[in-house]
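Residues 207 to 1191 (my numbering) are what the sequence shown spells out, left to right.
For glycine and all other residues, C-beta sits at the position ideal for the given N, C-alpha and C.
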Amino acid sequence: MQSASEQSEAADRPAPPATPEHAYPDHWEADVVLRDGGTARIRPITADDADRLVSFYEQVSDESKYYRFFAPYPRLSAKDVHRFTHHDFVDRVGLAATVGGEFIATVRYDRIDDRGMPASAPADEAEVAFLVQDAHQGRGVASALLEHIAAVARERDIRRFAAEVLPANTKMIKVFTDAGYTQKRSFEDGSVRLHLDLEPTVRSLAVQRAREQRAEARSVQRLLTPRSVAVVGAGRTPGGVGRTVLRNLLGAGFTGRVHAVNAGLTDGPAELDGVPAHPSVGAIGEPVDLAIVAVPADRVPEVVADCGEHGVQGLVVLSAGYAESGPEGRERQRQLVRQARSYGMRIIGPNAFGIINTSEDVRLNASLAPQMPTAGRIGLFTQSGAIGIALLAGLYRRGAGLSSFISAGNRADISGNDFLQHWYDDPGTDVVLLYLESIGNPRKFTRLARRTAAVKPVVVVKGARHSGSAPPGHRVPVTRIPHATVSALLRQAGVIRVDTVTELVDAGLLLAAQPLPAGPRVAILGNSESLGLLTYDACLTEGLRPLRPLDLTTAAVPADFREALAAALADETSDAVVVTAIPWVGEDGATEFGDGEVLAASLREAVASAPAPAKPVVVVHVEMGGLAEALAVATSTRPAATSTRPAATGTRPAPAGTRPAPGPSATASPADPAPAPGPAPAPDPASDPVPAQEATIPAYPAAERAVRALAEAVRYGQWRRQAADPGRVPEYEDIDEPGAAALIERVLGAGGDADPRGVTLDTGEAGELLARYGITALPTLPAPTPDEAVAAARRLGYPVALKTTAPHLRHRPDLGGVRLDLATEEQLRTAYAELTEVLGKPAEIQPVVQAMVPRGVDTLVRSAIDPAVGAVLSFGLSGAASELLGDMSHRLVPATDRDAAELVRSIRTAPLLFGWRGSAPVDTPALEELLLRVSRLVDDHPEVVAVSLEPVVVASGGLSVLGATVRLAPPPPRTDLGPRRLPSY
207 MQSASEQSEA ADRPAPPATP EHAYPDHWEA DVVLRDGGTA RIRPITADDA DRLVSFYEQV
267 SDESKYYRFF APYPRLSAKD VHRFTHHDFV DRVGLAATVG GEFIATVRYD RIDDRGMPAS
327 APADEAEVAF LVQDAHQGRG VASALLEHIA AVARERDIRR FAAEVLPANT KMIKVFTDAG
387 YTQKRSFEDG SVRLHLDLEP TVRSLAVQRA REQRAEARSV QRLLTPRSVA VVGAGRTPGG
447 VGRTVLRNLL GAGFTGRVHA VNAGLTDGPA ELDGVPAHPS VGAIGEPVDL AIVAVPADRV
507 PEVVADCGEH GVQGLVVLSA GYAESGPEGR ERQRQLVRQA RSYGMRIIGP NAFGIINTSE
567 DVRLNASLAP QMPTAGRIGL FTQSGAIGIA LLAGLYRRGA GLSSFISAGN RADISGNDFL
627 QHWYDDPGTD VVLLYLESIG NPRKFTRLAR RTAAVKPVVV VKGARHSGSA PPGHRVPVTR
687 IPHATVSALL RQAGVIRVDT VTELVDAGLL LAAQPLPAGP RVAILGNSES LGLLTYDACL
747 TEGLRPLRPL DLTTAAVPAD FREALAAALA DETSDAVVVT AIPWVGEDGA TEFGDGEVLA
807 ASLREAVASA PAPAKPVVVV HVEMGGLAEA LAVATSTRPA ATSTRPAATG TRPAPAGTRP
867 APGPSATASP ADPAPAPGPA PAPDPASDPV PAQEATIPAY PAAERAVRAL AEAVRYGQWR
927 RQAADPGRVP EYEDIDEPGA AALIERVLGA GGDADPRGVT LDTGEAGELL ARYGITALPT
987 LPAPTPDEAV AAARRLGYPV ALKTTAPHLR HRPDLGGVRL DLATEEQLRT AYAELTEVLG
1047 KPAEIQPVVQ AMVPRGVDTL VRSAIDPAVG AVLSFGLSGA ASELLGDMSH RLVPATDRDA
1107 AELVRSIRTA PLLFGWRGSA PVDTPALEEL LLRVSRLVDD HPEVVAVSLE PVVVASGGLS
1167 VLGATVRLAP PPPRTDLGPR RLPSY
């Protein structure tokens, strides 16, 4: 492809206007994951790249050169090389994609005027041209370069790209047409002329994220499904990390080729544990897909170089001594990631425990776990080897099988986000369990978790919640919001948040084995009245609606359980069933139910014969370990038959996360239509059920644990049903967005004059900005003296309120700084004297006068931008009690009408808004509209970094905003909206 036939026209063009050289823009450098799962580095081209450019061009085919220059062009002249390597980084920019330090593709733009001639700003159009090495075509390199060069152009105030492409160059035409930008196409002088508007669109963002998902999922899949594995650091004698991994790999029955690598093996061919052993990866003499690195940290760089130079696709680095060990280790970790990415490799680790894939086609146990887990439907990710061991053991004891397991250690490269991308459309995984000690990219995690949770459960336990810092070795952004807020936002995204690893196993076991409940109604039956009552109480505690327990008495036999369970499953008044069981000693002294197999068989028989729609069943047992073992039979972990359609809620016996065949958002490629924006589709109630298999019933040793897991399933099922209709962000005709933008620009100052620390608006400016969005803040008039207070009251009209606004007294009615319903001048002067006598001089307490409003419930509305998670909208009742108890609800901005309704109703004190104890219900629609208007303000103007409306008095008809604080600052960068890039080091 060529920009206006550079070869023939360059000499005829006037020289571009002189533009001063700008500093090298190192923030344009980025590592990206390509379509095939490999990585490349994108960076600006500089004058030092002349030799690399020439070498790159020599490896490009004559056909690709012809497409680029519209004529045979076998080699670059010295003038060409100079032009393509010297840029001012404003009007002329070139980017290169590199692997191993060598160019594999280039892109450049040149700013032009409306005649197509070289220009400088304010011209806002540029010609763009690509060249991709033939060996790397089809890897998505050009698409990634287009994203990055478009972002660079926007930064330099370029709004449109123009490109000329030969009609036969269909691949490049496809790169442009599938990017999702608004575009125009014409045919001129034998070439296709394309014009692209570079403003991101809903479609371009959807295309970008679909490509991101496909690439990152593929990069994980390459690690989990290698055809050959090399264990680097396998010792000559048994024991040690490397030799242990080699033994585990062989013991699991890995279906591919296995090689041992030990640098000390210099005496010719050798074997370790019956597999070929070599002194280096290069000496193996055949392709290696995955290398397990178990050598001291100071030897890892040479191993990475050896692997990279011989085509290894990924590394699992078990070696310790990195960021967890201090500053020197942190630098060593940075160098490790940079080195591996330079070769296009991805890393699990360092300080990792390893990875496992139980698929019969792979059987990979590249970890320190001595026993291969049973195959199943759960994907498990941990950041801790110790927790990983505990979870593997707990799931194994409970009969739960895994599809894959990853313990990522310091997760310097591959993280939980990457595995969410993989598990989203992995047909072998129905439930995702995550143990996280830190979240490196909370915005992205929330986005990926929401999409994944729409098709399969995502259960998270968060460690290091109260330490105030990330674990050693974890590089994460600083967040200022409390843990409770983070948990609320995760739940908004459909994530099932639990507090302990035990709860993680409990929830995962139920979700992997049972259908989702259709509602909160729970039937309870069993042979112990006391255990039934404990279960009933636990249901009430968790917000469920239990039916009266059915006591079968201690004389019940397995047939009685079967009949009672069958009746409960057929009863339309319940959505789930809890079976309680205790051992019973008969007259001859023998324990009835034996080892539990008879009772387990009876329960499974009742479940298997139940009519549709099916219900989840859980068992609570006391001192009946044999029953739990019998229910956790081997068939329970056998992979379920899959369906090409999502299972309906309550369809027996599809697990909760049965995934439909990948839809457009999972599989879109440049050849596919762009995926539709918005959440993934909810399960279709009309879907065909998954073919039946032998029912698996999770068993718990305590009623509280069983009910807690069931309650999480109920809440998740409700969220998933609502995900089909997440609501809408309403439009309000009275919003003056341009006027608000002008006010913000005026206050902050233009360009470099903006104060990076931000500014708090005064009362008048805050009121003016809010008014632009249809929010009226009740005016307050300063009252530095009694006479000025009286004058203010006359201006506003009696009755009035007198209150203090000093920071230490604000929003503290418990300190007596407010006087209400002052109907006369005498009352006002008396109140003024009392306040100044008790609380301090007027200059200290800063009194103001405000008109009275109808009585109602005092609430507060807040929004703040956190650097880690973005803009958060919060709601609660005003007052010390709510603040002390943390009774606030939170949603991410932009909020929908459904979010606003949930904000109002999800606080514990919400009954006060809806007529508690005979009081009049308040105007909640007005309150919800206020929340939506604040959300729009913050979403439309990222410079609005904080808003606090307190108190907001909500009466039975309307509301009044009595206090408003607004803070502005230059907007923080939005990395989630930029081009695809891996976290940088």
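Q. What residue does the alpha helix (DSSP H) around Val1110 start on, and which one ends it?
A. 1103-1111
Q | Residue range of the unbroken beta strand (DSSP E) whose run includes Thr245 | A | 245-250
Q) Over what stretch of residues does the beta strand (DSSP E) that includes Val499 continue unbroken? A) 496-499
(Q) Can you find the residues in the same chain that come closer than 7 Å, C-beta to C-beta, to Pro752, ignoring five residues on each side of it along the sequence? (A) Val728, Ile730, Tyr742, Cys745, Leu746
Q. Can you list the beta strand (DSSP E) stretches of 3 or more residues lying completely in the stretch 726-786, in chain order?
A. 727-732
Q: State buried or exposed for Asp316, treating a residue as buried only when at least 16 other CB atoms are found within 10 Å of its CB.
A: buried
Q: Measure the CB-CB distance between Leu1028 and Leu1008 and report whether it falls below 9 Å.
A: yes
(Q) My output table needs one value for Gly933: the three-state DSSP class, helix, strand or coil. (A) coil
Q | Under the three-state DSSP convention, the category Phe460 falls into | A | coil
Q. Straight-line CA distance for Glu1134 to Gly306?
A. 55 Å
Q) Three or more C-beta pairs closer than 8 Å, one from the stretch 588-605 and one from the stretch 477-494: is that the case here? A) no
Q. By DSSP, does Phe625 sit in helix, in strand, or in coil?
A. helix
Q) Going by other Cβ atoms of all chains shown within 10 Å of its Cβ, with 16 needed for buried, is Ala880 buried or exposed? A) At Ala880, the pLDDT of 39 sits below 50, so the modelled position is not reliable; the number obtained from the coordinates is stated separately. When all chains shown are included, Ala880 counts as buried.
Q: Work out the CA separation of Gly1003 and Gln1033 for me, nearest whole Å.
A: 14 Å
Q.
If you measure between the beta carbons of Ser621 and Leu586, is that distance less than 9 Å?
A. no
Q: Going by CA-CA distance only, name the one from Ser1162, Pro1157, Pro1177 that's closest to Gly1169.
A: Pro1157
Q.
So for Ala898, helix, strand or coil by DSSP?
A. Bear in mind that a pLDDT of 36 at Ala898, under 50, signals an unreliable position, so the number given afterwards is only what the model happens to contain. The answer is coil: DSSP assigns Ala898 none of H, G, I, E or B.
Q: Determine the direct distance from the alpha carbon of Ala614 to that of Gly607, and round the result to whole angstroms.
A: 20 Å
Q.
So, under 8 Å CB-CB, Ala500 and Val438 are touching, yes? Tell me the CB distance rounded to an integer number of Å.
A. 7 Å
Q | Three-state class that DSSP yields for Tyr273 in the structure shown | A | helix
Q. For Arg1035, which residues from the same chain have a beta carbon less than 8 Å from its beta carbon, with the 5 sequence-adjacent residues on both sides left out?
A. Pro992, Ala995, Val996
Q.
Rounding to the nearest angstrom, what Cα-Cα distance links Leu1015 and Gly945 in this structure?
A. 34 Å
Q | Residues near Ser1141 by beta carbon distance below 6 Å, same chain, minus five either side | A | Leu1079, Val1099, Pro1100, Ala1101
Q. Among the residues of its own chain, which have a CB less than 7 Å from the CB of Val371, if the five just before and after it don't count?
A. Met207, Met378, Ile379, Ser397, Val398, Leu400
Q: Going by CA-CA distance only, name the one from Leu301, Pro819, Gly491 that's closest to Asp777.
A: Pro819
**Q.** Where Phe262 sits in the DSSP three-state scheme
**A.** helix
Q.
What would DSSP say about Ala1219, mapped onto helix, strand or coil?
A. What the structure shows of the chain is the stretch from 207 to 1191, and residue 1219 is not part of that stretch, so it cannot be assessed.
(Q) Measuring CB atoms only, is the stretch 559-570 touching the stretch 643-655, in the sense that at least three cross pairs come out at less than 8 Å? (A) no
Q | With 16 other Cβ atoms within 10 Å as the buried cut-off, status of Gln414 | A | buried
Q. Under a Cβ-count criterion, where at least 16 other Cβ atoms within 10 Å of its own Cβ denotes burial, should Arg433 be classed as buried or exposed?
A. exposed
Q: Measure the C-alpha to C-alpha separation of Gln928 and Pro1073 and round it to an integer number of angstroms.
A: 29 Å
Q: Below 6 Å CB to CB, which residues in the same chain sit around Gly634 once its five sequence neighbours on both sides are set aside?
A: Ser609
Q) Which residues does DSSP pair with His484 in a beta bridge? A) Val467
Q) Which residues in the same chain have their Cβ closer than 7 Å to the Cβ of Val1067, if we skip the five residues on either side of it in sequence? A) Phe1081, Leu1136, Leu1137, Val1140, Leu1155, Val1158
(Q) Under 8 Å: do the stretch 333-342 and the stretch 569-583 share three or more Cβ pairs, one atom per stretch? (A) no
Q: Would you mind reading off the limits of the beta strand (DSSP E) that contains Lys1047?
A: No beta strand (DSSP E) holds Lys1047; DSSP gives it neither H nor E.
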